[in-house]
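To start, the structure under review is shown below, and the notes come after it.
Residue numbers (the numbering used here), protein chains in the order written: chain Z, 518 to 911; chain W, 6 to 313.
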């Protein structure tokens with residue numbers, strides 16, 4: 518039984534956390550995530566969850582305490598944004614290296630400097646190589662659904678990796694949307710009772726050592742196991758999505774395509790901008806332009822084979838990056854999509870559009886411009902410029 | 006209080022076979038803490054540092070208890086998480102054992118980079134015992150000064166040069182800072198006075214709430230003393246009143262040991278290579294200044310403890 522209600526993204530994430538009912542949450546407030554922590558602390562104060570809530574003094578300590586709790590054999594969560602994630606950075610890597618199934622909502626926000634509180638993907642793209650599973654959400658419904666699925670994915674015995682679930686700061690976190698929610702019982706039934714899959718610190722009769730020193734004689738084996746766990750996450754993500762669809766009727770994959778099958782011009786995008794792009798696709802389709810869209814959901818593990826198969830027959834592809842990587846060659850999503858396309862049957866030109874940094878608005882005209890460029894690239898077979906900046910004064 | 010023979014019969018949670026340097030006093034401190042804990046099950050969290058790297062070189066460990074190392078500066082936060090998980094499981098009836106939580110960190114990981122995390126954990130009132138093994142520098146990385154380093158000590162980042170005579174500043178008074186958190190128990194201890202140290206650890210483990218113990222742990226590499234003389238180094242630090250032994254129990258300051266005769270500071274300084282530069286005619290005023298400050302700090306402490 519699903520109830521339809523109107524919630525902001527933050528409310529939906531907090532509600533999902535309540536329904537997950539973790540044993541320990543350690544968190545610190547940061548805009549635009551703050552509401553999640555506030556709402557959750559109300560659940561704690563009113564006895565609506567069993568959670569022990571640690572009001573830490575920083576995000577660094579939030580992730581540290583969450584690691585300590587997870588290594589003790591309980592379900593542990595935290596939430597963050599932007600500078601908070603950056604401050605956690607060191608421990609984010611350690612959580613993954615210890616293969617602790619921590620689940621963390623991240624409300625995407627730009628990184629300093631200059632300081633900016635609005636949404637872009639610089640924060641989580643900075644953590645892309647940390648060994649966490651990364652799932653991006655387009656809207657409030659997806660944020661809610663992804664967080665619940667993330668618990669199952671992270672805790673799967675064949676995975677055991679931490680997972681972060683993203684939504685765009687303010688655009689989703691503070692906007693009210695209709696969504697369908699599950700009952701507490703259904704969520705609990707879906708995620709199941711937490712069972713530690715490794716010996717835990719609190720099993721004092723069977724002591725364990727967590728986080729030893731490993732030098733050149735063993736360090737690589739640890740890292741290799743992490744890589745194997747990440748590669749093994751892909752089928753688990755799909756299996757969990759399948760079971761979630763049976764429960765809710767809402768289907769998720771590694772990515773979502775829109776009118777892509779016969780498309781000649783395709784855009785690859787993450788998160789909330791997909792909604793804007795979909796509207797332009799419809800408009801162009803009415804005009805007879807074969808436009809399509811691929812919205813990436815799972816960025817880690819990166820679905821390179823699947824992307825190559827889905828995009829290989831297009832005539833031109835544009836990647837929209839809501840972060841730069843300062844490599845001199847485009848944003849993080851672009852370089853990975855373009856690398857994936859090396860294995861495509863046919864290799865269409867792939868170009869990059871960096872947009873929306875620091876919450877800069879992206880509108881229908883911007884997306885129209887991208888498709889216009891793609892049409893030109895498809896006609897000539899070559900791009901004038903590979904890396905472009907959308908909606909910036911130059 | 007058990008005698009040393011009885012205590013030494015206890016295996017404890019820290020085994021021989023670790024790879025700390027010969028003459029290092031940190032493992033002596035850990036062994037004494039382990040003796041004090043007795044058979045109580047403990048979970049240990051260790052900050053990055055000598056003790057951590059030398060005791061858990063994968064696939065070996067010197068710890069007979071559950072042990073976690075997270076990073077350098079977050080030991081207190083990590084143990085907060087462990088202790089909170091324990092409270093959660095206890096509340097849910099999933100665990101019934103009494104478990105104690107002990108953190109070990111060097112002075113770098115405690116006085117400096119770990120201070121925020123330590124302060125946070127103390128303020129939140131987690132039921133943990135934090136033991137700082139204070140060897141007064143970043144020994145693991147090649148003897149750089151920390152805020153625990155004594156004034157005038159020669160370290161690799163506060164070298165005794167032609168213009169600057171070693172570390173310029175006085176050491177941070179961490180035990181007093183911890184006492185200002187109004188936590189149930191704070192103590193300063195030294196392994197030379199093992200009965201005192203063990204009694205303090207037992208008190209710290211018994212209180213309901215956070216406890217902090219600062220234990221002096223000389224380093225033969227950094228202090229440049231004869232490896233046989235580690236314990237003598239702490240004894241002299243106590244007898245010269247450079248390292249007084251005291252405790253702060255629920256806000257009450259108390260000296261736990263008062264030297265019968267306060268020894269001159271030079272007796273402690275002259276045995277250490279890091280103070281060699283002070284023993285020149287030109288630097289005589291520095292020695293006097295050092296002695297003056299030790300006297301001043303000692304008087305301050307006596308007043309706090311109601312002894313003056």
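For each residue, glycine too, the CB sits at the ideal point set by N, CA and C. Predicted, not measured: the structure shown is a model, and the values here were computed from it.
Fill in: Length of the line joining the Cα atoms of residue 39(W) and residue 18(W)
6 Å
Item to complete: Determine, using beta carbons only, whether residue 583(Z) and residue 72(W) come nearer to each other than 8 Å.
Response: no
Discussion item. Would residue 551(Z) pass as an interface residue toward chain W - the criterion being a Cβ-Cβ separation below 8 Å?
Written reply: no
Worksheet item: Just the Cα atoms here: how many angstroms apart are residue 273(W) and residue 22(W)?
Response: 30 Å
Worksheet item: Nearest to residue 172(W) by CA position, among 256(W), 280(W), 120(W) and 67(W), is which residue?
Response: 280(W)
Item to complete: Out of 170(W), 221(W) and 36(W), state which residue places its alpha-carbon closest to the alpha-carbon of residue 115(W).
Response: 221(W)
Item to complete: Could you pull out every residue in the same chain whose Cβ sits closer than 7 Å to the Cβ of residue 677(Z), ignoring the five residues on either side in sequence?
Response: 616, 618, 714 and 746
Fill in: residue 47(W), DSSP secondary structure in three states
strand
Discussion item. So, under 8 Å CB-CB, residue 655(Z) and residue 788(Z) are touching, yes? Tell me the CB distance rounded to an integer number of Å.
Written reply: 6 Å
Discussion item. Can you check whether the C-beta of residue 79(W) is within less than 8 Å of a C-beta belonging to chain Z?
Written reply: yes
Practice prompt. May I ask which residues mark the beginning and end of the beta strand (DSSP E) holding residue 106(W)?
Written response: 105-111
Discussion item. Does chain Z have any CB closer than 8 Å to the CB of residue 58(W)?
Written reply: yes
Worksheet item: Out of 723(Z), 696(Z) and 710(Z), which has the shortest C-alpha to C-alpha gap to residue 766(Z)?
Response: 696(Z)
Practice prompt. Give the secondary structure of residue 797(Z) by DSSP, where H, G and I count as helix, E and B as strand, and everything else as coil.
Written response: helix
Worksheet entry | Continuous beta strand (DSSP E) stretch holding residue 809(Z): start and end | 808-813
Worksheet item: Anyone know if the C-beta pair for residue 34(W) and residue 236(W) falls short of 8 Å?
Response: no
Worksheet item: How about the stretch 61-76 of chain W and the stretch 126-134 of chain W: do they share at least three Cβ pairs that are nearer than 8 Å?
Response: no
Discussion item. By alpha-carbon positions, which one of 100(W), 155(W), 14(W) and 61(W) ends up nearest to residue 298(W)?
Written reply: 155(W)
Practice prompt. Quickly, what does DSSP pair residue 611(Z) with across the bridge? List them, please.
Written response: DSSP, once it has assigned bridges, lists no residue as partnering residue 611(Z).
Discussion item. Whether or not the stretch 866-882 of chain Z and the stretch 754-766 of chain Z are in contact is what I'm after, with contact meaning three or more pairs of Cβ atoms, one per stretch, closer than 8 Å; do they touch?
Written reply: no
Discussion item. With a threshold of 8 Å between beta-carbons, can residue 608(Z) be considered close to chain W, or not?
Written reply: yes
Worksheet item: Going by other Cβ atoms of all chains shown within 10 Å of its Cβ, with 16 needed for buried, is residue 698(Z) buried or exposed?
Response: buried
Discussion item. Using a Cβ-Cβ distance cut-off of 8 Å, determine whether residue 728(Z) contacts chain W.
Written reply: yes
Worksheet item: Can you check whether the CB of residue 679(Z) is closer than 8 Å to the CB of residue 624(Z)?
Response: no
Discussion item. Give me the residue from 42(W), 28(W) and 25(W) with the minimum Cα distance to residue 15(W).
Written reply: 42(W)
Worksheet item: Buried or exposed: which applies to residue 768(Z), given that a residue is buried once 16 or more other Cβ atoms fall within 10 Å of its Cβ?
Response: exposed
Practice prompt. For residue 46(W), return the contacting residues in chain Z, with the cut-off set at a CB-CB distance below 7 Å.
Written response: 721
Worksheet item: What are the boundary residues of the alpha helix (DSSP H) that includes residue 852(Z)?
Response: 849-857
Worksheet item: From 734(Z), 824(Z), 671(Z) and 648(Z), pick the residue whose C-alpha is nearest to that of residue 743(Z); which is it?
Response: 648(Z)
Worksheet item: With 8 Å set as the bound, which would you pick, yes or no: does the beta-carbon of residue 714(Z) sit closer than that to a beta-carbon of chain B?
Response: Looking at the structure shown, chain B is missing, and the protein chains on hand are Z and W.
Discussion item. I want to verify the contact list: residues of chain W whose CB lies under 7 Å from the CB of residue 583(Z), in sequence order.
Written reply: 86
Discussion item. For residue 773(Z), list the residues DSSP reports as bridge partners.
Written reply: 812(Z)
Practice prompt. Name, going along the chain, the residues of the stretch 527-546 of chain Z whose beta-carbon falls closer than 7 Å to a beta-carbon of chain W.
Written response: 540, 541 and 543
Worksheet item: In its own chain, which residues sit with a C-beta less than 8 Å from the C-beta of residue 645(Z), not counting the 5 before and 5 after it?
Response: 651, 816, 817 and 849
Discussion item. Based on DSSP bridge pairs, tell me the residues matched to residue 877(Z).
Written reply: In DSSP, residue 877(Z) forms no bridge with anything.
Worksheet item: Got a sec? Which residues, its chain only, sit under 6 Å from residue 557(Z) by beta carbon, not counting five neighbours each side?
Response: 531 and 534
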